[in-house]
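Chains as they are written, first to last, in our numbering: chain A, 26 to 589; chain B, 26 to 589.
Protein chains: 2
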Amino acid sequence: MTQYKDNKMDGNLRIIPLGGCEEVGRNMTVFEYGQDIVILDMGLQFPEEDMPGIDYVIPNTEYLKGKEKNIRAVVFSHGHLDHIGAAPILLKKLGNPPIIGRPLTIEMVKHRQEDFERNSSKKLKTTYIKDLQQKINIGSFTLSFFQIDHTIMDAVGVILQTPVATAIHPGDWSIEKNPVNREAIKYSHLAELKRPTILMLESLGSTNFKKPVTEEEMLNNLYKLMSQAPGRTIIATFSSQIQRIKQILEFAAKTGRKVVLDGFSMKLNIEIATKLGYVKIPKGVIIAIDKARDYSDNKVIIVCTGAQGEEMAALSRIVAGNHKFIKLKKEDTVIFSSSVIPGNERTVQRLKDNLYRLSDNVYHSDIIDVHISGHSNIEGIKQMIGDIKADYFVPVYGNHYFLKESAKIAYDLGYSKDKVFVPDNGSIIKFTGMGAEILKEKAPSNYVFVDGLGVGDIGEIVLRDRQMLAEDGMFVIVAVIDRQTGKVKGSPDIISRGFVYLRESKDLLAQTRRKVIEIVNKTAGHGGAVNWIYVKDELRNKIGDFLHTKTERRPMVLPVVIEV
Amino acid sequence: MTQYKDNKMDGNLRIIPLGGCEEVGRNMTVFEYGQDIVILDMGLQFPEEDMPGIDYVIPNTEYLKGKEKNIRAVVFSHGHLDHIGAAPILLKKLGNPPIIGRPLTIEMVKHRQEDFERNSSKKLKTTYIKDLQQKINIGSFTLSFFQIDHTIMDAVGVILQTPVATAIHPGDWSIEKNPVNREAIKYSHLAELKRPTILMLESLGSTNFKKPVTEEEMLNNLYKLMSQAPGRTIIATFSSQIQRIKQILEFAAKTGRKVVLDGFSMKLNIEIATKLGYVKIPKGVIIAIDKARDYSDNKVIIVCTGAQGEEMAALSRIVAGNHKFIKLKKEDTVIFSSSVIPGNERTVQRLKDNLYRLSDNVYHSDIIDVHISGHSNIEGIKQMIGDIKADYFVPVYGNHYFLKESAKIAYDLGYSKDKVFVPDNGSIIKFTGMGAEILKEKAPSNYVFVDGLGVGDIGEIVLRDRQMLAEDGMFVIVAVIDRQTGKVKGSPDIISRGFVYLRESKDLLAQTRRKVIEIVNKTAGHGGAVNWIYVKDELRNKIGDFLHTKTERRPMVLPVVIEV
Chain A
26 MTQYKDNKMD GNLRIIPLGG CEEVGRNMTV FEYGQDIVIL DMGLQFPEED MPGIDYVIPN
86 TEYLKGKEKN IRAVVFSHGH LDHIGAAPIL LKKLGNPPII GRPLTIEMVK HRQEDFERNS
146 SKKLKTTYIK DLQQKINIGS FTLSFFQIDH TIMDAVGVIL QTPVATAIHP GDWSIEKNPV
206 NREAIKYSHL AELKRPTILM LESLGSTNFK KPVTEEEMLN NLYKLMSQAP GRTIIATFSS
266 QIQRIKQILE FAAKTGRKVV LDGFSMKLNI EIATKLGYVK IPKGVIIAID KARDYSDNKV
326 IIVCTGAQGE EMAALSRIVA GNHKFIKLKK EDTVIFSSSV IPGNERTVQR LKDNLYRLSD
386 NVYHSDIIDV HISGHSNIEG IKQMIGDIKA DYFVPVYGNH YFLKESAKIA YDLGYSKDKV
446 FVPDNGSIIK FTGMGAEILK EKAPSNYVFV DGLGVGDIGE IVLRDRQMLA EDGMFVIVAV
506 IDRQTGKVKG SPDIISRGFV YLRESKDLLA QTRRKVIEIV NKTAGHGGAV NWIYVKDELR
566 NKIGDFLHTK TERRPMVLPV VIEV
Chain B
26 MTQYKDNKMD GNLRIIPLGG CEEVGRNMTV FEYGQDIVIL DMGLQFPEED MPGIDYVIPN
86 TEYLKGKEKN IRAVVFSHGH LDHIGAAPIL LKKLGNPPII GRPLTIEMVK HRQEDFERNS
146 SKKLKTTYIK DLQQKINIGS FTLSFFQIDH TIMDAVGVIL QTPVATAIHP GDWSIEKNPV
206 NREAIKYSHL AELKRPTILM LESLGSTNFK KPVTEEEMLN NLYKLMSQAP GRTIIATFSS
266 QIQRIKQILE FAAKTGRKVV LDGFSMKLNI EIATKLGYVK IPKGVIIAID KARDYSDNKV
326 IIVCTGAQGE EMAALSRIVA GNHKFIKLKK EDTVIFSSSV IPGNERTVQR LKDNLYRLSD
386 NVYHSDIIDV HISGHSNIEG IKQMIGDIKA DYFVPVYGNH YFLKESAKIA YDLGYSKDKV
446 FVPDNGSIIK FTGMGAEILK EKAPSNYVFV DGLGVGDIGE IVLRDRQMLA EDGMFVIVAV
506 IDRQTGKVKG SPDIISRGFV YLRESKDLLA QTRRKVIEIV NKTAGHGGAV NWIYVKDELR
566 NKIGDFLHTK TERRPMVLPV VIEV
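Structural data, given as structure tokens:
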């Protein structure tokens with residue numbers, strides 16, 4: 026493990042984003058003051074295109090090795106997977122430190138924990154933030170919280186006060202100027218916190234000039250589409266959109282409609298929210314999916330998962346015609362009340378294409394505002410910076426270029442360069458009583474891949490092999506060689522997948538077999554001691570070149586030589 | 026080959042989009058009147074995520090099998106790859122029919138042809154459209170042309186007049202309301218064509234409400250950024266953006282700057298355009314790349330390829346630090362004068378992240394308008410429909426849902442359902458003197474994959490294998506079996522790639538070897554006749570299950586059994 030010289034009980038605050046500052050997802054930030062560590066969020070990132078087979082990517086926690094006993098608490102800002110998704114793996118790895126969050130968030134962490142290992146959620150040491158005015162003292166930290174807008178219930182901002190500085194971190198946030206049934210949130214009270222203050226601001230919207238859709242506009246559009254729907258209404262949204270589902274249930278109750286919830290995680294989340302008293306399901310509004318046919322089509326609303334084109338989710342099954350109860354009709358209305366997660370663009374486009382074939386009434390954010398973003402635009406970032414007036418500004422949670430653009434906004438508002446830090450994953454920002462700096466040394470931050478049961482066991486080599494296999498397939502040559510003569514016995518076996526269609530390539534295979542025999546007999550058939558490594562290298566290179574000449578493809582060539 | 030009953034010399038016009046109506050790319054449309062066939066465009070599509078290793082996808086031309094001699098001409102609307110990219114393969118396949126296009130377009134087709142097969146472009150039978158007023162009579166068709174706006178020089182709209190109907194096809198198009206140094210284009214003269222008329226309209230912008238950036242705004246931004254650049258200006262754009270490069274050259278000449286062109290295809294295109302007289306390079310403005318250091322940085326403009334993050338292109342090499350002559354400096358200005366091609370979102374985002382680390386002045390369309398789109402928005406589609414007043418409306422060239430949304434625009438403007446056809450790839454739309462319909466039968470339109478030298482030889486099976494290999498890798502088991510006893514000799518060989526990191530999985534491999542011996546001895550070691558297919562199946566299934574239990578991954582298991 027790297028030694029961090031500077032890392033003693035020195036009365037400084039160190040802030041280390043272990044993930045989430047070079048990508049969207051796997052958000053996790055370490056706050057370290059002397060021997061006290063508080064962690065914010067443990068998120069996961071969905072794999073990029075060049076990570077085939079990977080389930081997801083989690084933060085690298087090598088920095089915390091040997092310091093597990095110093096971890097006083099893990100705070101979760103909200104229940105989205107890019108903030109809680111890595112919790113089951115990392116909490117276990119870090120010795121099960123206490124966790125803190127709003128009730129819905131903690132319940133969602135618990136459920137994820139159960140999915141990971143049955144009965145393991147009981148071991149979690151939980152502290153519920155029941156009241157936003159609550160203060161929690163742990164070690165040298167005083168934690169407090171503030172209300173923010175985001176697309177999931179119970180999202181909170183976190184304030185971490187230490188003797189030398191106070192960090193303000195809203196987690197993911199947006200600004201709702203026209204909220205339904207409540208006041209708009211103000212942030213100016215955060216300017217009164219103990220100084221120096223550090224604003225750590227999620228900055229995904231730092232290049233977004235667009236005026237945000239208000240909740241009111243979105244709801245009005247949604248209500249209008251549901252009211253005018255000639256047939257059933259199918260609304261695809263995120264399973265964590267509890268607030269939206271609540272609003273749909275209330276609309277249905279008011280207008281004499283029935284609602285079907287379709288999607289395991291969605292039902293589960295509504296169940297949790299109902300238990301917590303966050304949602305009151307109007308009596309008789311929710312019906313079982315097999316009862317939908319008992320009502321006239323225009324009285325039925327189906328809320329389902331699968332807006333990202335997830336293969337096994339309800340919407341995909343409906344579109345593929347595999348859904349047990351729902352066959353789409355031309356006059357059904359389909360609404361995507363969701364955004365497209367980066368990386369899913371083409372999958373979602375294909376899903377929409379298929380939906381447009383089946384239904385004449387497909388609506389999504391490209392054509393009508395039926396969704397609100399969970400992330401603020403430039404205007405909001407300006408407002409936040411202006412209201413909170415922090416001494417330091419640290420843009421976080423987004424690709425590097427979003428953070429740089431967010432920093433530019435701060436410069437425009439008068440911040441000097443020494444008060445703004447744009448961290449990478451693993452950057453260590455040190456705040457003393459006197460000033461602040463980014464240290465030269467960095468915490469390890471390379472990807473930790475999760476694939477099946479393996480956490481961190483897949484490295485660059487395995488990934489590169491997968492990419493190569495995907496590109497041009499593989500070509501295994503099995504040659505049985507007579508130990509006495511060094512010559513090939515019989516005809517070499519060839520096993521190939523993903524390279525050419527074998528049935529239509531008989532000539533190529535016959536030529537390759539002859540070539541194999543030729544190479545082996547030449548390199549090994551001289552009667553003396555044989556260098557088998559050389560024989561294999563020759564096979565790999567020469568057969569590789571031969572296949573490339575014939576096809577301009579480069580399958581992975583794997584020679585197997587068996588002496589008998 | 027499917028027989029098309031209806032397909033005689035029957036005096037009807039058939040329009041068959043063979044590609045480009047369910048995706049972006051591989052645009053190709055067949056116009057058939059009696060025994061005369063005219064083809065518009067032969068484009069390629071870049072591969073989707075689930076097409077690993079595929080170079081590109083081209084239209085399926087099975088419909089034309091046996092009719093090659095009827096093909097009177099292939100017209101190319103403009104020189105973008107999604108309109109000419111499949112030409113070398115398809116022209117050869119279809120017996121080298123005559124080709125028609127504007128000079129730049131034909132020259133670009135020729136160059137693509139040369140890349141494909143040296144000296145083959147000489148065989149092309151070319152007709153240059155030198156004058157837009159030109160009319161070309163071929164068979165029952167009269168071809169004429171009209172000016173349109175698009176992001177490549179020499180893009181034209183095509184009119185195909187037959188005795189029963191007149192098709193109007195602008196190819197790809199946009200509407201430039203504020204062109205620099207010329208008049209805005211009008212389309213109302215197309216309302217005067219011989220009726221019935223059919224408007225076939227590229228409809229990529231059918232969900233786009235945004236006000237288009239004008240050429241003037243874009244140029245002003247570009248000029249401003251170049252004028253204010255503290256260091257060198259690096260402009261990344263498409264190699265086919267000849268007009269833009271021309272404007273940059275003129276700006277440089279006027280302001281005493283020097284221009285470096287970096288990118289093989291870009292230089293080639295400028296060379297072609299210069300030969301045609303489309304670009305006049307001001308004397309002394311272009312300098313060799315190794316001479317750039319002789320000028321002060323703020324007098325140097327580098328125009329390069331690679332705005333899509335293409336690995337081998339100039340910009341990628343600059344960012345990776347592999348460029349022989351250009352090392353990026355903090356004060357350099359980098360401008361993306363380009364859009365992001367769908368599917369490249371994440372690659373481009375990564376490129377931008379890396380650029381933002383190296384330069385403090387990165388500009389792209391998210392933050393300032395430095396590019397204009399080649400595709401019209403909704404407003405433009407309305408204007409086009411309104412100006413041309415065609416009898417029939419056929420939205421084309423885009424994903425299905427774009428075509429459906431474009432059709433909705435036509436309905437809103439008063440078209441009745443029987444006058445609008447939304448085709449799929451392979452749809453056959455028949456126009457008689459009396460009316461029009463989409464036939465029930467369809468032309469084959471499934472993907473034709475190009476991979477290396479193979480055209481169409483990669484099918485679903487090979488692709489599925491590649492996907493499987495990419496997902497969890499492969500696992501080859503080689504067991505040598507004693508013919509006498511039916512038992513495994515020695516230790517089975519295991520070759521695995523992309524599954525686990527072998528060095529760290531010794532236990533797993535040892536267990537698997539034992540398991541292999543156990544399965545073989547049980548299924549084959551009974552001394553009687555052995556069913557080797559059964560032995561292999563057992564190995565495949567049981568080892569597959571065993572590995573899945575241990576890892577929750579499913580590599581492709583390939584057993585090789587060798588009797589000795």
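The beta-carbon is built from N, C-alpha and C at its ideal position, and this holds for glycine as well.
C-beta atoms of residue i and residue j nearer than 7 Å
i: Y526 of chain A; j: V82 of chain B; result: no
i: I519 of chain A; j: I506 of chain A; result: no
i: P84 of chain A; j: L43 of chain A; result: yes
i: Y422 of chain A; j: E227 of chain A; result: yes
i: I413 of chain A; j: I434 of chain A; result: no
i: T358 of chain A; j: T222 of chain A; result: no
Beta carbon proximity, residue i to chain A, threshold 7 Å
i: Q374 of chain B; result: yes
i: P584 of chain B; result: no
i: N32 of chain B; result: Any answer about N32 of chain B is weak, because its pLDDT of 44 lies below 50 and its placement is not dependable; what the coordinates show is given next. It does not; no Cβ of chain A falls within 7 Å.
i: Y426 of chain B; result: yes
i: D140 of chain B; result: no
i: V487 of chain B; result: yes
i: P77 of chain B; result: yes
i: E588 of chain B; result: no
Length of the line joining the Cα atoms of residue i and residue j
i: L380 of chain A; j: T330 of chain A; result: 15 Å
i: G481 of chain A; j: I114 of chain A; result: 11 Å
i: R508 of chain A; j: F524 of chain B; result: 32 Å
i: I161 of chain B; j: V63 of chain B; result: 12 Å
i: S231 of chain A; j: S431 of chain A; result: 5 Å
i: G120 of chain B; j: I270 of chain B; result: 37 Å
i: M493 of chain A; j: E74 of chain B; result: 15 Å
i: M26 of chain A; j: G104 of chain B; result: Low confidence applies to M26 of chain A: its pLDDT is 37, below 50, so where it sits in the model is not reliable, and the reading given next is rough at best. Distance between the alpha carbons of M26 of chain A and G104 of chain B is about 57 Å.
i: E529 of chain B; j: D319 of chain B; result: 54 Å
i: V328 of chain B; j: V373 of chain B; result: 18 Å
i: I403 of chain A; j: G477 of chain A; result: 39 Å
Opposing strand residues paired with residue i [DSSP bridges]
i: H194 of chain A; result: A:V183
i: M493 of chain A; result: Note: M493 of chain A sits in no beta bridge, so no partner.
i: E588 of chain B; result: B:I506
i: E57 of chain A; result: A:R39 and A:I62
i: E208 of chain B; result: E208 of chain B pairs with nothing; no bridge assigned.
i: P4 of chain B; result: Only positions 26 to 589 of chain B appear in the structure, and residue 4 of chain B is not among them; the question remains open.
Same chain, Cβ closer than 6 Å to residue i, five either side skipped, listed in chain order
i: K567 of chain B; result: I544
i: V582 of chain A; result: F500, R565, I568 and G569
i: I267 of chain A; result: M178, N294 and A298
i: I41 of chain B; result: V55, I453 and A468
Same chain, Cβ closer than 7 Å to residue i, five either side skipped, listed in chain order
i: A209 of chain B; result: E201 and K202
i: E48 of chain B; result: Q70 and N424
i: A277 of chain A; result: K283, V284, V310 and I326
i: V560 of chain B; result: V545, T548, A549 and V586
Cβ of residue i within 7 Å of any chain B Cβ
i: L464 of chain A; result: no
i: D660 of chain A; result: The structure shown does not extend to residue 660 of chain A, since chain A spans only 26 to 589, so no value can be given for it.
i: D497 of chain A; result: yes
Interface residues of chain E facing residue i [CB-CB closer than 8 Å]
i: I392 of chain B; result: Going by chain labels, chain E is absent from the structure shown, which instead holds the protein chains A and B.
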